[in-house]
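Sequence lines, in order, name chains A and B. Residue numbers are given in the numbering used here: position 104 of the first sequence equals residue 104, and the series is strictly consecutive. Residue numbers are given in the numbering used here: position 151 of the second sequence equals residue 151, and the series is strictly consecutive. Step one of this worksheet: look at the structure below.
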Amino acid sequence: MEFVQVIAFGLLLGGVYALLASGVTLIFGVLDVVNVAQGAFLVFSALFTWQIWDMLGFEPLLLIPVNGALMFILGWAIYRGMVIRVAPQGPGMTVLLMFGVALTMEGILNLVFGNKFKSVTPPYFSSSLTIGELVLPWPQLISGVVGMAVLGLMYAYLRLSWAGRALRASAQNKDGAALVGISNVKTSAFAFGIGAATAGVGGVLLAIMYPIYPATQYDWIARLLGIVVLGGFGSIPGAIIGSMILGLTESFANTYLPQWSSLFFYGTILLILLFRPQGLMGTRTREDVA
Amino acid sequence: MRTSRNRVGRRMRAGALVASLAVVTLVAAACGSNSSTESSAGSAEASAAASDGAAASTDPIRIGISLPLTGDFSQPGGEAKKGYDAWVSLINANGGLLGRQVELVILDDASSQEQVVTDYNNLISQEKVDLLLGTFSSLLNFPASTVAENNKMVLVAPAGGSPKIFEANPTYYFFAQQAIGPDQANPFVNMIAGLPDDQKPKTAAYVTQDDPFAAPVIESMQAQLEAMGVETVYSEVYPPETTNLQPFASKIAAASPDLIAQGAVFEDGVSLVKSLVQVGYNPKIMFQTSAPSNGKQFSDAIGIANTEGIFYAVSWSEKSPTPGNAEFIAEYQAQNGAGLVPAEDAADAYAAAEVLATAVEATGGLDNVALKDWLHANAVQTILGELSWDEAGRPQGDFLLAQWQNGGVEIVAPPEAATTDNLVVPKPAWQ
């Protein structure tokens, strides 16, 4: 029974990680930009959730579409206003730019919310669903399920809609896509917006699970980059598999060998990269020389 | 003993990692300029001479302090500044030190170990201050104490009880709290020893973050309780990245201990409580380091009803009847807003200043050699209670034992500092 419990904890955790990491990997896939500000986007959304919940006291999950839309707009604006200017300088400069964005956001959040933990505690925050001996805490259950559902919707949208196809076409070959009339700028801005929107949704989910303060962004960006490297940069299925591996190793290691839990995850990354340098589902990147 | 310094410290390293990326690219540009620092050697003698000469004057006594007013420790650093500010306005209103007014020279070290060294060197050699007071956290006080030791100046620190500081700089460094970090376990163990037999725990679970402030407390507690015959049924250490304690709560519930002791920083402490509530396991006695000392942040995070009965160790309480405590709180509120309860960090800074001031009055001068000799030999009355130090500047007292009761915090031990006779044992069920 303990074994089933451990797997359940791991998968629920993995569901949330998957949504967050897919935003990072999507932006990289389309734009070749490593969005190291994803952690800051997340914390921003989580603190916004806290503010609204604290003022109005209603169900925080209702903010999911609001925060998603808000972060989409913010991501879109950051792309059009900043990333597009710096992108021609190469990926190194965009990492620095996004790191700057992350630090600036953290600073602003510190000024607005203070350097203190904020907790969102809806009525179900410390209760759980019990099935036989299996204990599934409600916040984790809701977050895992909602995370996977939103990810599923996003994936379906990217597969089935014209905008999604354009986006994938751009990711595969920018010049080819441009030749058939797909605006590179528009698809890139759209991808950046969607990537940021996953952080908007994820922020609400984090807020009901953990206390948040501005500097928690570093913990999250470290985890997300680990997942994306493991799964392969640019691959959404890779991000999902990487997230599940992280969720499960965390859960198993914390139950059986807690002191080594970080080692297990990063050791797994190391081993996989030795044999598959492009990550589990990544493709070897090729630089076209003009 | 709040240790918000740890969680920020850890994140700071993560940030530093990414930042170093940026730095590498910038270094090339900066290579051309090579700043030259004037000789700081010999500044010890110079400042000693300066302060001797100044002792007779009626100019203000100048005390140099570096604080993390920006950066990751800005929150506790800002509180420490409020504590020093409250002290200086009270002492000046009461006629100053040695009949002279006191002036604080406060520099911002931006939470950086490099900047704090620069700051204290500047305070000594450029500003030529008469005295020093310490900065916030062991991380910053360690390098600061080396500067003070090299310049033969007393450094009384409000936060910074890491044992390694006293080993490295034993002569001029004094820690102005009741005990060094690991001794947080002692008041709790004493309380357990004093319980009637039918209330004493028979089994205990220990779980701690692998953290230099939390883990030694729990190790010390486990050893002492085992010696008293309390059987250990679960004992684990987890890495600092761990924020989800559900697997631990499940294991602990299966072991069903009477007592749970956790070496927590903050998120991990909150997560263990929430997870225990979720699995429906309620221990008879629960102790956590740091997390419960965060007041409203803690009660907001776990729900105020669930705080009832949780123990932690602390250096100061706003309800303590110690001499000067009421005046400190009144001055703090006059400066920062009515009804505002000072943070423990502010009280610790105030106490550090009290220690230095008492030594100055007792020795009748600003000779730092005489000050350190006096502090090694005498006890000082502060708002934290009476403090005294061993030959290496380690405080020799005991922390206060605090317990959440009725949505607030009460001091339950030692008796002379207690704010209530009531002890909530066993802990009521989670809500």
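The C-beta atom is built at its ideal place from N, Cα and C for all residues, glycine as well. Predicted model only: the values in this text are computed from it and were never measured.
Taking residue i as the reference, which of the options has the closest Cα?
i: A418 (chain B); options: B:L400, B:T58, B:P428, B:V424; result: B:L400
i: P395 (chain B); options: B:I91, B:Q126, B:I180; result: B:I180
i: K81 (chain B); options: B:N244, B:G229, B:A351; result: B:A351
i: L67 (chain B); options: B:I61, B:P76, B:S315; result: B:P76
i: K487 (chain B); options: B:S112, B:D268, B:Q199, B:L375; result: Residue 487 (chain B) is absent from the model: chain B starts at 1 and stops at 431.
i: V204 (chain A); options: A:G226, A:L61, A:K116, A:P211; result: A:L61
i: K319 (chain B); options: B:A330, B:G337, B:L245; result: B:A330
i: L423 (chain B); options: B:G309, B:E416, B:N336, B:T358; result: B:G309
i: Q178 (chain B); options: B:V360, B:D130, B:N141, B:V314; result: B:V314
i: A261 (chain B); options: B:Y312, B:Y120, B:T243, B:P158; result: B:Y312
i: A379 (chain B); options: B:Y120, B:T358, B:G161, B:Q431; result: B:T358
i: G132 (chain A); options: A:T268, A:E2, A:I272, A:G232; result: A:E2
i: G269 (chain B); options: B:Q246, B:L107, B:N94; result: B:Q246
i: F58 (chain A); options: A:Y124, A:S183, A:A40; result: A:Y124
i: L139 (chain B); options: B:N150, B:N122, B:L225, B:V116; result: B:V116
i: N467 (chain B); options: B:S290, B:L69, B:M286; result: This structure cannot speak to residue 467 (chain B), because chain B is shown only from 1 to 431.
i: E106 (chain A); options: A:G39, A:S243, A:L11, A:I269; result: A:G39
Does DSSP put residue i in a helix, in a strand, or in coil?
i: Q278 (chain A); result: coil
i: D439 (chain B); result: Absent from the model: residue 439 (chain B). The displayed extent of chain B is 1 to 431, so no value can be given.
i: G229 (chain B); result: coil
i: G295 (chain B); result: coil
i: R7 (chain B); result: With a pLDDT of 46 at R7 (chain B), under the threshold of 50, the modelled position of this residue cannot be trusted, and the question is left open.
i: E318 (chain B); result: coil
i: P137 (chain A); result: strand
i: A30 (chain B); result: Model confidence at A30 (chain B) stands at a pLDDT of 42, short of 50, so the residue's coordinates are unreliable; what they give is reported in the following sentence. Correct three-state label for A30 (chain B): helix.
i: I64 (chain A); result: helix
i: S143 (chain A); result: helix
i: F311 (chain B); result: strand
i: E2 (chain A); result: helix
i: L257 (chain A); result: coil
i: Q177 (chain B); result: coil
i: S40 (chain B); result: Legend: pLDDT at S40 (chain B) = 40, less than 50; position of this residue unreliable, no value from coordinates given.
i: V412 (chain B); result: strand
i: S128 (chain A); result: strand
i: A347 (chain B); result: helix
i: P237 (chain A); result: helix
i: R457 (chain B); result: This structure leaves residue 457 (chain B) out entirely; chain B is present only between 1 and 431.
i: G10 (chain A); result: helix
i: V120 (chain A); result: coil
i: L206 (chain A); result: helix
Contact criterion: CB-CB distance below 9 Å. Does residue i meet it with respect to chain A?
i: T243 (chain B); result: yes
i: P430 (chain B); result: Contrary to the premise, residue 430 (chain B) reads as Trp rather than Pro in this sequence. Yes - at least one Cβ of chain A is within 9 Å of the one on W430 (chain B).
i: E344 (chain B); result: no
i: G339 (chain B); result: no
i: N336 (chain B); result: no
i: V8 (chain B); result: Legend: pLDDT at V8 (chain B) = 47, less than 50; position of this residue unreliable, value from coordinates given subsequently. Yes, contact with chain A.
i: G324 (chain B); result: no
i: K251 (chain B); result: yes
i: D390 (chain B); result: no
i: P414 (chain B); result: no
i: A214 (chain B); result: no
i: F142 (chain B); result: no
i: K274 (chain B); result: yes
i: S51 (chain B); result: Model confidence at S51 (chain B) stands at a pLDDT of 47, short of 50, so the residue's coordinates are unreliable; what they give is reported in the following sentence. Not an interface residue.
i: A301 (chain B); result: yes
Measure how close the beta-carbons of residue i and residue j come, nearest whole angstrom, since I'm counting them as under 8 Å.
i: L155 (chain B); j: I63 (chain B); result: 11 Å between Cβ atoms; not a contact.
i: F113 (chain A); j: L47 (chain A); result: 5 Å
i: V101 (chain A); j: M93 (chain A); result: V101 (chain A) to M93 (chain A), Cβ: 13 Å. No contact.
i: E327 (chain B); j: L90 (chain B); result: 6 Å
i: A215 (chain B); j: G263 (chain B); result: 5 Å
Check whether the Cβ of residue i lies closer than 9 Å to any Cβ atom in chain B.
i: D296 (chain A); result: Chain A is shown only over 1 to 290; residue 296 (chain A) falls outside these bounds and no answer can be derived.
i: N35 (chain A); result: no
i: K116 (chain A); result: yes
i: Q51 (chain A); result: no
i: L270 (chain A); result: no
i: P65 (chain A); result: no
i: A207 (chain A); result: no
i: V204 (chain A); result: no
Can you check DSSP and say which residues form a bridge with residue i?
i: L387 (chain B); result: B:V380
i: E236 (chain B); result: B:V207
i: G64 (chain B); result: B:V105, B:L132
Quick check: does the Cβ of residue i come within less than 8 Å of any heavy atom belonging to the ligand NAD?
i: I221 (chain A); result: Ligands displayed in this structure: none; no statement on the ligand NAD is therefore possible.
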